[in-house]
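Please read the structure below before turning to the comments.
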Amino acid sequence: MGKKIIQQDLVYKLLKQVPKGRVTTYKALARAAGCSDGARAVGGMMRRNPYAPIVPCHRVVYSDGRLGGFGGSKGVKAKAKILEKEGVKVKEGRIIEFDILFFDTFSTKLAEKDSLP
């Protein structure tokens, strides 16, 4: 059986559902897009996101609350600053109260109706 392909546009539309002050994970986005083992593919999509900040890739973190990558060598610090401006507390590269701020209530029906810039 072949690998399942994640629809990039669907992932970006799903990500638009994550509100300011909340974060999600690469794995949660992959699962919402129908491919539970597609976290790495989602990471690549975040790296190539042409719609930032409308599609808020800075709100995607690792499953353990670590920030992960973001736009180059100063990425983690920049990601932390953006998240902190949105009300997310970060300490030593990790989301404080990650379990409270974690968002995974995605709606594929809403995403399918949404549009990208």
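Every position in the sequence shown, counted from 1, becomes a number in the numbering used here once 7 is added.
Quick reminder that beta carbons are idealized off the backbone N, C-alpha and C, glycines included.
It should be emphasised that the depicted structure is a prediction, and the values quoted were computed from it without experimental measurement.
- In the DSSP assignment, Thr115 falls within the alpha helix (DSSP H) that extends over 115-120.
- Per DSSP, Arg38 is one residue of the alpha helix (DSSP H) stretching across 33-39.
- Apart from sequence neighbours up to five positions away, the residues of its chain that approach Met53 with a beta-carbon distance below 6 Å are Cys64, Val67, ordered along the chain.
- For the set Leu117, Ala85, Asp44, Pro57, the Cα lying nearest the Cα of Ile13 is the one of Asp44.
- Taking C-beta atoms under 8 Å as the contact rule, Ala46 and Ala37 qualify, at a distance of about 5 Å.
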